[in-house]
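Trainee: When we follow this note's numbering, the leftmost residue of the first sequence carries the number 9, and every step to the right adds one.
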Amino acid sequence: MEKVSQIIHVAVKNLFNANAEISLSRPDAKFGDYATNVAMQLAKSLGRNPREIAGELCELLRKNDEFSEVEIAGPGFINLRISAHKIASDLDEAFSQNNFGENNDGAGKTVVVEYPSPNMAKPYSVGHLRSGNQGWAARNLMLATGWNVITDNHLGDYGAPFGYWVLGFRKFSSDEQLASGGIYELGRVYVAIRAELKSEQERGDDTLAKEAQDWLLKLENGDLEAVELSEKFNRISLEHIHEIMGRLRISTDYELGEKFYVERGKNEVAKLLESGIAKRNEDGSVIVELDGFDTPILVQKSNGAALYATTDLATMVYREREWHADRAIIATGAEQVFYFQQLAALAKKIGVKTELTHLWFGVIDQLNDDGTREKMSSRKGVVLMEELLNVAEAKARQNTKGEKITDDDVRKIALGAIKFTDFSQDRRTNILFDWDQMFSLTGFSGPYVQYAAVRVNKILRDNADVSQAAVGENYDFAKEKDVLLKLAEYPEVVRTAANLLEPHRVAQYVYDLAKVMNRYYETTPIATDTVSQIEKSARLELLRKVSYVFAHGLQILGIEVPERM
RNA sequence: GCACCCGUAGCUCAGCGGAUUAGAGUACUUGGCUUCGAACCAAGUGGUCGCAGGUUCGAAUCCUGCCGGGUGUACCA
Numbered sequence: 009m010e011k012v013s014q015i016i017h018v019a020v021k022n023l024f025n026a027n028a029e030i031s032l033s034r035p036d037a038k039f040g041d042y043a044t045n046v047a048m049q050l051a052k053s054l055g056r057n058p059r060e061i062a063g064e065l066c067e068l069l070r071k072n073d074e075f076s077e078v079e080i081a082g083p084g085f086i087n088l089r090i091s092a093h094k095i096a097s098d099l100d101e102a103f104s105q106n107n108f109g110e111n112n113d114g115a116g117k118t119v120v121v122e123y124p125s126p127n128m129a130k131p132y133s134v135g136h137l138r139s140g141n142q143g144w145a146a147r148n149l150m151l152a153t154g155w156n157v158i159t160d161n162h163l164g165d166y167g168a169p170f171g172y173w174v175l176g177f178r179k180f181s182s183d184e185q186l187a188s189g190g191i192y193e194l195g196r197v198y199v200a201i202r203a204e205l206k207s208e209q210e211r212g213d214d215t216l217a218k219e220a221q222d223w224l225l226k227l228e229n230g231d232l233e234a235v236e237l238s239e240k241f242n243r244i245s246l247e248h249i250h251e252i253m254g255r256l257r258i259s260t261d262y263e264l265g266e267k268f269y270v271e272r273g274k275n276e277v278a279k280l281l282e283s284g285i286a287k288r289n290e291d292g293s294v295i296v297e298l299d300g301f302d303t304p305i306l307v308q309k310s311n312g313a314a315l316y317a318t319t320d321l322a323t324m325v326y327r328e329r330e331w332h333a334d335r336a337i338i339a340t341g342a343e344q345v346f347y348f349q350q351l352a353a354l355a356k357k358i359g360v361k362t363e364l365t366h367l368w369f370g371v372i373d374q375l376n377d378d379g380t381r382e383k384m385s386s387r388k389g390v391v392l393m394e395e396l397l398n399v400a401e402a403k404a405r406q407n408t409k410g411e412k413i414t415d416d417d418v419r420k421i422a423l424g425a426i427k428f429t430d431f432s433q434d435r436r437t438n439i440l441f442d443w444d445q446m447f448s449l450t451g452f453s454g455p456y457v458q459y460a461a462v463r464v465n466k467i468l469r470d471n472a473d474v475s476q477a478a479v480g481e482n483y484d485f486a487k488e489k490d491v492l493l494k495l496a497e498y499p500e501v502v503r504t505a506a507n508l509l510e511p512h513r514v515a516q517y518v519y520d521l522a523k524v525m526n527r528y529y530e531t532t533p534i535a536t537d538t539v540s541q542i543e544k545s546a547r548l549e550l551l552r553k554v555s556y557v558f559a560h561g562l563q564i565l566g567i568e569v570p571e572r573m
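Structural data, given as structure tokens:
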């Protein structure tokens, strides 16, 4: 596709001395293989009739042997056809260079991608499923477009939750219970103390709330007991997070949590106060006024303790200074959109050059009994990641029928189902958590694509020893045209998905490819006895490309292709 | 109140300026396994794209207003 765009670009330049952005679309097959509306775009700037422009362009394009058919249609569309054989040889050429689908748009630039950054106070819940999925996909898209990528798990290992933990632990738990319950015991006391705090607040009291804040302050001041408790709790929690991330098959290069940035953050705040950018309120809290915002950003609490803006401030500074980050991509929920707008404004105000991209995603909803939707919350009962993974694996295994498949393959299928669901829609759209849909193994789903890939791989494996004949001009690829056209789209899909950080485009693409492939497979024998040597060679080569693109596209989404399923 | 996001088939969602029939999955109806794996394929039923204006050769797509839902709006993250 890039090649076709380039040809048209040059033609436009030669004819009209204009630099046009060529957008190619894939119209209905009866119109052509590709279509462009450049003529209509140029009409305004050139002050000419679009059909006239299209006519001149067509005349020139017809002379190019790339196209088998060039036509004007409607108000000035140009429809193009390319012979299947030509597409096949263009693809051969594209594949002969390494890394089909990838590009170097980000060459020489460094990006920090932050995910899944779970709250350490509670067991890993589906509340952090999307930050892991979307963050991991963003990482892969950045890698595929040539960026130097640094990944960082910005752990929620600090802040008010710590105070709640300590209070809850002392009130409701013991060392014995903690030893046996681990993270689930910590989660239990966290929930219990939150309830207690809420009822206290309703009574108009704040004794416990103050006590929780005091513990946080003690921790900041290096109080031995506080430090010891913090380390104990965090160790338990981190172990759990690693286990879950391992099962999700995601990882990060760094785990610089909020705690890492507390001292640094306070130093930054002190500097801001000194330079007059920040100001201290009477109650001791510190704020920065931001242009265009009614609400200033609070960078230090009234009791002197740090909060998220304090640590995030230091995080931005650190990433620029230590990692020379040109860009930072932070995967968190839609609830934080406003805050990150403030943070970006703050960064700009203090001269941080790193471009801040808030990779936000919609909330996870649950269905109420009356059919309405509501955000999943601990009050309503969250689903834990551990449970989600267990159920998904059980369901995948149950579907294996007679096939003997390994535990590893079962896990790949389970993850394929869970992750693909996240990418089946725009990341900004709220997702409805529905057990059936989450584990869907048919239709527009991960396993559907995996299945298509497995079949292709099986054919390739079974025919690994088939001797290759030179295809050359001896085969027209007519039956393969749809598959070839679909393959040719891939690099553009990756580029767009990366530019917009919209991995659902890749999901849609691999699904379409699977569909085209299944259809092809249904009608065309690939390596049976009835197929000639030339056909066999041509078709197996096509399958090798399809197999590569399946694996590559799914890999971007964090999904692997099983051996069997 | 203000800001942001969202209202598209029964349900879950794509499409976000282009081409006589607005797509997919699911659900429902029907057909296809002695032929490289049926987690598949083929066909059908199903939509005043929330409502009303406007811009444009062309609007589900852009603008304005209204209605409905969600999220946020400094000491949670």
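Just so it is clear, CB atoms sit at the ideal spot from N, CA and C, and this is done for glycine as well.
Predicted model, so just to flag it, every value in this text is computed and none were measured.
Do you know how far the Cα of I249 is from the Cα of L396?
Mentor: As a working mapping, residue 396 is identified with position 388 in the first sequence. As a working mapping, residue 249 is identified with position 241 in the first sequence. Their backbone Cα atoms lie some 15 angstroms apart in a straight line.
Trainee: From G164, I426, F558 and E67, pick the residue whose C-alpha is nearest to that of D444; which is it?
Mentor: Here residue 444 corresponds to residue number 436 of the first sequence, with the count starting at 1. Measuring from the Cα of D444, the nearest candidate turns out to be I426.
Trainee: Which same chain residues end up closer than 8 angstroms to L225 when comparing Cβ atoms and leaving out the 5 residues on each side of it in sequence?
Mentor: Here residue 225 is taken as the residue at index 217 of the first sequence, counted from 1. Cβ within range, chain order: N311, G312 and A313.
Trainee: Going by the beta-carbon positions, is the gap between K270 and T319 smaller than 8 angstroms?
Mentor: Reading the first sequence from its first residue, position 262 is the one you call residue 270. Reading the first sequence from its first residue, position 311 is the one you call residue 319. According to the sequence displayed, residue 270 carries Val and not Lys. Contact: yes.
Trainee: Evaluate contact between the region 417-437 and the region 532-546, counting only Cβ atoms and requiring at least three cross-stretch pairs below 8 angstroms.
Mentor: No: the two stretches stay apart, fewer than three of their Cβ pairs being nearer than 8 angstroms.
Trainee: Comparing alpha-carbon positions, which option in I16, S97 and N27 lies nearest D484?
Mentor: Here residue 484 corresponds to residue number 476 of the first sequence, with the count starting at 1. For the residues I16, S97 and N27, the minimum Cα distance to D484 belongs to S97.
Trainee: Please report how far the alpha carbon of G454 lies from the alpha carbon of L440, in whole angstroms.
Mentor: For the purposes of this step, residue 454 is taken as residue 446 along the first sequence, with counting starting at 1. For the purposes of this step, residue 440 is taken as residue 432 along the first sequence, with counting starting at 1. Computed Cα separation, rounded: 17 angstroms.
Trainee: Mapping the DSSP letters down to three states, classify H332 as helix, strand or coil.
Mentor: Your numbering for residue 332 matches position 324 in the first sequence. Three-state DSSP puts H332 in coil, outside helix and strand.
Trainee: Report yes if the C-beta distance between E497 and Y529 is below 8 angstroms; otherwise report no.
Mentor: Counting from 1 along the first sequence, the entry for residue 497 is found at position 489. Counting from 1 along the first sequence, the entry for residue 529 is found at position 521. No. Outside cutoff.
Trainee: From what residue to what residue does the beta strand (DSSP E) around A129 run?
Mentor: Looking up residue 129 in the first sequence gives position 121. Element bounds for A129: n/a, residue is neither H nor E.
Trainee: Beta-carbon within less than 6 angstroms of N526's beta-carbon, same chain only, minus the 5 sequence neighbours each way: which residues are those?
Mentor: Within the first sequence, the letter at position 518 stands for residue 526. Closer than 6 angstroms at Cβ, skipping near neighbours: A460.
Trainee: Just how far apart, CA to CA, sit F268 and N229?
Mentor: On the first sequence, position 260 is the one that residue 268 refers to. On the first sequence, position 221 is the one that residue 229 refers to. Rounded to the nearest angstrom, the two C-alpha atoms are 14 angstroms apart.
Trainee: Can you give me the start and stop residues for the alpha helix (DSSP H) that H162 sits inside?
Mentor: Reading the first sequence from its first residue, position 154 is the one you call residue 162. It is not in any alpha helix (DSSP H) - H162 carries neither H nor E in the DSSP assignment.
Trainee: G451 and N141 - do their beta-carbons sit closer together than 8 angstroms?
Mentor: Reading the first sequence from its first residue, position 133 is the one you call residue 141. Reading the first sequence from its first residue, position 443 is the one you call residue 451. Not closer than 8 angstroms, so no.
Trainee: Terminal residues of the continuous beta strand (DSSP E) containing Y269?
Mentor: In the first sequence, residue 269 corresponds to position 261, counting from 1. Segment E266 to S283 is the alpha helix (DSSP H) holding Y269; no beta strand (DSSP E) there.
Trainee: Within 8 angstroms, do at least three Cβ pairs link the region 285-295 to the region 327-341?
Mentor: The region 327-341, when compared against the region 285-295, does not touch it at the 8 angstroms Cβ threshold.
Trainee: May I have a chain-ordered list of the alpha helix (DSSP H) segments no shorter than 4 residues that lie completely inside the region 291-321?
Mentor: Fully enclosed alpha helix (DSSP H) runs of 4 or longer: not present.
Trainee: Looking only at C-alpha atoms, which of G40, Y172 and K206 sits nearest to G195?
Mentor: For the purposes of this step, residue 195 is identified with residue 187 of the first sequence, where counting begins at 1. Looking at the Cα atoms, Y172 is the closest of the given residues.
Trainee: Checking the sheet assignment: what are the DSSP bridge partners for N526?
Mentor: By one-based count along the first sequence, residue 526 stands at place 518. Paired residue(s): none; N526 is not in a bridge.
Trainee: Which of the three DSSP states, helix, strand or coil, is assigned to N72?
Mentor: Against the first sequence, residue 72 aligns to sequence position 64. N72: coil per DSSP, three-state reduction.
Trainee: At the level of alpha carbons, what is the spacing between N127 and V554?
Mentor: Residue 127 sits at position 119 when you count from the first residue of the first sequence. Residue 554 sits at position 546 when you count from the first residue of the first sequence. About 40 angstroms.
Trainee: On the DSSP letters alone, give me the boundaries of the alpha helix (DSSP H) that R34 sits inside.
Mentor: Here the question's residue 34 lines up with position 26 in the first sequence. Where R34 is concerned, there is no enclosing alpha helix (DSSP H), given that its DSSP letter is neither H nor E.
Trainee: What residue range is occupied by the uninterrupted beta strand (DSSP E) comprising L364?
Mentor: Mapped onto the first sequence, residue 364 falls at position 356. Looking at the DSSP string, the run of the beta strand (DSSP E) that includes L364 is E363 to F369.
Trainee: Does the beta-carbon distance from K130 to Y198 come in below 8 angstroms?
Mentor: Here residue 130 corresponds to residue number 122 of the first sequence, with the count starting at 1. Here residue 198 corresponds to residue number 190 of the first sequence, with the count starting at 1. Taking 8 angstroms as the Cβ cut-off, K130 and Y198 qualify as a contacting pair.
Trainee: Quick test of your reading: P511 and L151, contact by CB under 8 angstroms. State the CB separation rounded to the nearest angstrom.
Mentor: Your numbering for residue 511 matches position 503 in the first sequence. Your numbering for residue 151 matches position 143 in the first sequence. Contact doesn't hold; Cβ gap of about 13 angstroms is too wide.
Trainee: Measure the beta-carbon distance from P533 to V524 and round it to whole angstroms, keeping in mind my assumption that it falls under 8 angstroms.
Mentor: Looking up residue 533 in the first sequence gives position 525. Looking up residue 524 in the first sequence gives position 516. The pair is not a contact, with the Cβ atoms about 17 angstroms apart (cut-off 8 angstroms).
Trainee: Under 8 angstroms by Cβ, that's how I've got V120 and R327 pegged, so tell me the actual separation to the nearest angstrom.
Mentor: As a working note, residue 120 is residue 112 in the first sequence. As a working note, residue 327 is residue 319 in the first sequence. Their Cβ separation, rounded to whole angstroms, is 5 angstroms, which keeps V120 and R327 in contact under 8 angstroms.
Trainee: Report the rounded CA-to-CA distance for L521 versus K494, giving the unit in angstroms.
Mentor: The residue labelled residue 521 in the question sits at position 513 within the first sequence. The residue labelled residue 494 in the question sits at position 486 within the first sequence. Between L521 and K494, the C-alpha separation is close to 6 angstroms.
Trainee: Cα-Cα, which of E236, T362 and I467 is closest to T118?
Mentor: Stepping through the first sequence from its first residue, residue 118 is reached at position 110. Of the candidates E236, T362 and I467, the one whose C-alpha sits nearest the C-alpha of T118 is T362.
Trainee: Below 8 angstroms on the Cβ atoms is my guess for T159 versus N111; work out the distance and round it to an integer in Å.
Mentor: Taking the first sequence and counting its residues from 1, the one referred to as residue 159 is at position 151. Taking the first sequence and counting its residues from 1, the one referred to as residue 111 is at position 103. So it is not a contact: roughly 20 angstroms between Cβ atoms.
Trainee: Regarding V174 and the ligand NAP, is the C-beta to nearest heavy atom distance less than 7 angstroms?
Mentor: The model on display carries no ligand, and the ligand NAP is accordingly not part of it.
Trainee: With DSSP as the reference, please indicate the residues paired to A286 in a beta bridge.
Mentor: Within the first sequence, the letter at position 278 stands for residue 286. For A286, which the question treats as bridged, DSSP gives the partners V296.
Trainee: Taking only the alpha-carbon atoms, compute the straight-line gap between R552 and I15 and give it to the nearest angstrom.
Mentor: The residue labelled residue 552 in the question sits at position 544 within the first sequence. The residue labelled residue 15 in the question sits at position 7 within the first sequence. Distance between the alpha carbons of R552 and I15 is about 28 angstroms.
Trainee: Can you round the beta-carbon distance between R503 and D113 to whole angstroms, since I take them to be within the 8 angstroms contact cut?
Mentor: If you number the first sequence from 1, residue 503 lands on position 495. If you number the first sequence from 1, residue 113 lands on position 105. With 8 angstroms as the limit, R503 and D113 qualify as a contact, their Cβ atoms being about 7 angstroms apart.
Trainee: Starting from the Cα of F447, find the closest Cα among Y316, R419, V46 and L468 and give me that residue.
Mentor: One-based indexing of the first sequence puts residue 447 at position 439. When each option's Cα is compared against that of F447, the closest is R419.
Trainee: Between L99 and L562, is the Cβ-Cβ spacing less than 8 angstroms?
Mentor: As a working note, residue 99 is residue 91 in the first sequence. As a working note, residue 562 is residue 554 in the first sequence. Contact flag unset, no.
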